[in-house]
Every structure is written in C-alpha cells, then in structure tokens.
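S.K.: For our numbering, count along the sequence shown from 1 and bump the result up by 636.
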Amino acid sequence: MMKRIAIGSDHAGFCYKEAIKQHLRSQGYQVTDFGSDSDQPVDYPDIIRPAAQSVAAGDHDGGIVLGGSGNGEAIVANKVPGIRCGVCWNPDSARLAKAHNNANMIALGERMMSESEALEIVDTWLQACFEGGRHQRRIEKIDKIHR
637 MMKRIAIGSD HAGFCYKEAI KQHLRSQGYQ VTDFGSDSDQ PVDYPDIIRP
687 AAQSVAAGDH DGGIVLGGSG NGEAIVANKV PGIRCGVCWN PDSARLAKAH
737 NNANMIALGE RMMSESEALE IVDTWLQACF EGGRHQRRIE KIDKIHR
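Written as structure tokens, this is what we have:
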C-alpha cells in the first residue's frame, strides 16, 4: 500500500497540488512536496525530475505531478528509469494506469478538470491494484527499454 507520496507541480498545477496535498495528509499519507511554492512561472523539469527520482529510488511509494495539461510532467517523469507515469484525465484512466500499467506516478492537468475530479482521480489511483498476469509481461518489456 502506498503511504509515502511525492508531489510536485509547475505554476499551472500549483492550486490543485496544494489541495491534493491537504487531501492526502488528511487521509494519513506522508506527502513530500517538491514544489512549486507558488503560481509564479517555473520550469517544470526542475521540479518533476527530483520527485520522480525519489519514487524510483524507493524514498516514496508513488508520486503525483501536475501542470496545465500534465503531459510535459509525465514526459519528464518517464525519462527516469523505473518510473511509469500515466497522464490521467478521469477515474477510469487512473484505475487502468494502475491496473494495467502498474503506474507508480500519475500526472494531472489542472486546466483539464475540476478540483473535485482531480481528487477523485487521485483516490481511484491510490485504491486500484495492479492486475499482474498478461500485464506483468508488458511491464517487464517496458522496464527493459530503460536498461
């Protein structure tokens, strides 16, 4: 079960990051915030890469990264070996990211959804379970790409 969560955002994801952080802490999760600290413009790779590295190193059980769309954040996270970060836009995409891809990180776009939808996506991802089976074989092939 994931209990230690890394979280990070650029300026465009800052408001939802703060809401998600509070939501997770109220549920007993340990949350480490990698930034940003405001809605002032920042370069998201400077924040997302360290968050992803902390998940890959095992310092955190999973990670959530946010931006305007979530796409750039997922691209950066997925450059870190051992990370499988899915862009999630609704609860079903979050459930499948975990169930089929064993996503250890998710990326959300603040400009793409409401805050309540973002919280529902996070909860769905955290509660979902990897199905294994045929999906495990595919995960192993993905992991070989980084070697």
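Every residue gets a Cβ at the ideal spot worked out from N, C-alpha and C, and that includes glycine.
(1) According to DSSP, simplified to helix, strand and coil, what is residue 759?
(2) With contact counted as at least three CB pairs below 8 Å, one residue from each stretch, are the stretch 764-776 and the stretch 746-755 in contact?
(3) Can the beta-carbon of residue 693 be found closer than 7 Å to that of residue 642?
(4) Three-state secondary structure (DSSP) at residue 720?
(5) Taking C-alpha atoms, which residue in 662, 644, 669 and 667 lies nearest to residue 709?
(6) Give the single residue among 729, 748 and 746 whose Cα lies nearest to the Cα of residue 739.
(7) With distance defined between alpha-carbon atoms, name the residue in 758, 718, 656 and 651 nearest to residue 676.
M.R.: In short:
(1) helix
(2) no
(3) no
(4) coil
(5) 644
(6) 729
(7) 651
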